[in-house]
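Structure first, commentary second.
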Amino acid sequence: MERLQKVIAHSGYCSRRKAEELIVAGNVFVNGEKVTELGTKVSSSDDIVINGQALSKEDLVYYVLYKPEGYVSTTSDEKNRRTVLDLVPSDKRVYPVGRLDYDTSGVLLITNDGTFTNQMTSPHKGIEKEYVAKVEGFVRKNESAQLRRGIEIDGYKTKPAFVKNVTYTKKNETSIVTLIITEGKYHQVKKMFEAIGHPVLSLKRTRFGMVTVEGMKKGEIRRLKPYELKQLKEQVKS
Ligand code: URA
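Once you know that position 114 of the sequence shown is 114 in the UniProt record's numbering, the rest is easy, because the numbers rise by one and skip nothing.
Structure (structure tokens):
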């Protein structure tokens with residue numbers, strides 16, 4: 001859901017300021033009802049009519065980016081670092097669905113569909129996110145069991161996670177662990193491993209729902225396939 005004046009401005013109809021004037025003056029209707037309140041939130045499925053003319057909706061686009069390390073996943077960065085949007089060929093106002101850390105690589109969805117973004121990032125919808133983490137030390141069975149059960153981070157108990165593979169390399173005393181979670185708290189995976197005494201050395205998201213970056217190179221971007229989009233949308237319905 002986004003503010004009505006922002007949606008109008010993003011459609012290219014007029015500036016945000018002008019949109020605010022039109023709303024207050026009673027020239028804007030949402031799903032047939034006059035709206036004069038500036039804070040009103042609308043979704044991409046709402047019909048917006050201004051001065052009797054339907055607001056044309058910008059085509060919705062959905063991408064998957066194989067995010068490389070060394071990019072922030074915000075739309076702008078106060079430190080002037082490269083952002084994932086530098087890798088997007090679209091001239092539409094797109095943004096990332098949730099975030100991956102600057103030093104995390106892997107699957108990142110990018111879209112201009114606000115409703116879809118909210119659904120995908122809601123912890124209640126339980127979309128699976130799979131990560132492969134290289135961590136310090138040997139992760140013991142009882143430690144992965146802690147991750148499975150849920151673990152306290154910042155006063156919050158994580159939802160049960162699924163730990164798939166643990167392989168230990170004696171030479172450099174590191175473990176590679178595949179972890180599946182359904183939430184997306186800030187630095188969640190790093191904090192979960194930190195909590196069991198195994199700091200993360202590198203992190204890659206290998207799957208978001210059913211979407212992967214298999215066959216893609218780091219920095220490459222592609223449109224989501226219709227069946228991938230359908231699967232993601234169906235998952236949030238069920
Ligand atoms: N968890 C993290 O700690 N970092 C990420 O980038 C994603 C999940």
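Here a beta-carbon is modelled for each residue, glycine too, at the ideal position from N, C-alpha and C.
Nearest candidate by alpha-carbon position, reference residue i, set the options
{"i": "Lys157", "options": "Lys185, Gly98 and Val61", "result": "Lys185"}
{"i": "Pro226", "options": "Pro68, Ile50 and Glu234", "result": "Glu234"}
{"i": "Lys92", "options": "Asp113, Val72, Phe138 and Arg148", "result": "Asp113"}
{"i": "Phe138", "options": "Ile151, Tyr168 and Ile110", "result": "Tyr168"}
{"i": "Lys218", "options": "Glu2, Thr182 and Pro68", "result": "Pro68"}
{"i": "Val7", "options": "Glu21, Leu55 and Gln146", "result": "Leu55"}
{"i": "Lys230", "options": "Ser11, Arg99, Glu21 and Gly209", "result": "Gly209"}
{"i": "Thr104", "options": "Cys14, Ala9, Arg223 and Gln188", "result": "Gln188"}
{"i": "Val166", "options": "Leu147, Pro89 and Asp154", "result": "Leu147"}
{"i": "Thr174", "options": "Lys164, Glu183 and Gly197", "result": "Gly197"}
{"i": "Arg205", "options": "Glu128, Met1, Asp77 and Lys159", "result": "Glu128"}
{"i": "Val163", "options": "Glu152, Lys141 and Gly52", "result": "Lys141"}
{"i": "Arg222", "options": "Gln5, Ser90, Asn80 and Gly52", "result": "Ser90"}
{"i": "Glu228", "options": "Met120, Leu4, Lys18 and Met1", "result": "Met120"}
{"i": "Gln53", "options": "Arg207, Arg17, Lys159 and Leu22", "result": "Leu22"}
Backbone CA spacing between residue i and residue j [nearest angstrom]
{"i": "Phe193", "j": "Pro199", "result": "6 Å"}
{"i": "Asn31", "j": "Ala195", "result": "49 Å"}
{"i": "Asp101", "j": "Ser73", "result": "7 Å"}
{"i": "Thr212", "j": "Thr36", "result": "43 Å"}
{"i": "Leu65", "j": "Val107", "result": "6 Å"}
{"i": "Gly26", "j": "Glu20", "result": "10 Å"}
{"i": "Leu85", "j": "Arg99", "result": "12 Å"}
{"i": "Leu224", "j": "Leu232", "result": "10 Å"}
{"i": "Ala9", "j": "Lys171", "result": "57 Å"}
{"i": "Leu191", "j": "Asp154", "result": "First, the residue type needs correcting, since residue 191 is Lys and not Leu in the sequence shown. Between Lys191 and Asp154, the C-alpha separation is close to 9 Å."}
{"i": "Val97", "j": "Glu220", "result": "17 Å"}
{"i": "Gly12", "j": "Gly39", "result": "19 Å"}
{"i": "Ser15", "j": "Asn118", "result": "25 Å"}
{"i": "Leu87", "j": "Glu214", "result": "18 Å"}
{"i": "Met216", "j": "Lys79", "result": "29 Å"}
{"i": "Ser122", "j": "Val94", "result": "19 Å"}
{"i": "Ser76", "j": "Gly150", "result": "33 Å"}
{"i": "Glu183", "j": "Gly126", "result": "7 Å"}
{"i": "Phe116", "j": "Arg81", "result": "27 Å"}
{"i": "Arg3", "j": "His124", "result": "23 Å"}
{"i": "Val236", "j": "Met1", "result": "16 Å"}
Residue(s) in a DSSP beta bridge with residue i
{"i": "Ala133", "result": "Val177 and Leu203"}
{"i": "Pro160", "result": "Beta-bridge pairing links Pro160 to no other residue."}
{"i": "Thr74", "result": "Thr74 pairs with nothing; no bridge assigned."}
{"i": "Pro96", "result": "Ile110"}
{"i": "Glu33", "result": "Val30"}
{"i": "Phe208", "result": "Lys129 and Val211"}
{"i": "Glu2", "result": "Val42"}
{"i": "Ser105", "result": "Lys204"}
{"i": "Gln53", "result": "Ile50"}
{"i": "Glu152", "result": "Lys157"}
{"i": "Ile221", "result": "Leu65"}
{"i": "Val84", "result": "The partner list for Val84 (beta bridge, DSSP) is empty, contrary to what the question assumes."}
Original post:
With contact counted as at least three CB pairs below 8 Å, one residue from each stretch, are the segment 127-135 and the segment 161-179 in contact?
Top reply: yes
Subject >> Residue list, Cβ distance to the ligand SAM heavy atoms smaller than 5 Å >> reply: With respect to the ligand SAM, the structure offers nothing, as its ligand set consists of the ligand URA.
**OP:** Tell me, please, whether the segment 196-210 touches the segment 43-58 by the rule of three or more beta-carbon pairs shorter than 8 Å.
**Re:** no
Original post:
Looking at C-beta atoms only, is the number of pairs between the segment 46-54 and the segment 19-34 that lie closer than 8 Å three or more?
Top reply: yes
Subject >> Any 3 or more C-beta pairs closer than 8 Å across the segment 51-62 and the segment 105-112 >> reply: yes
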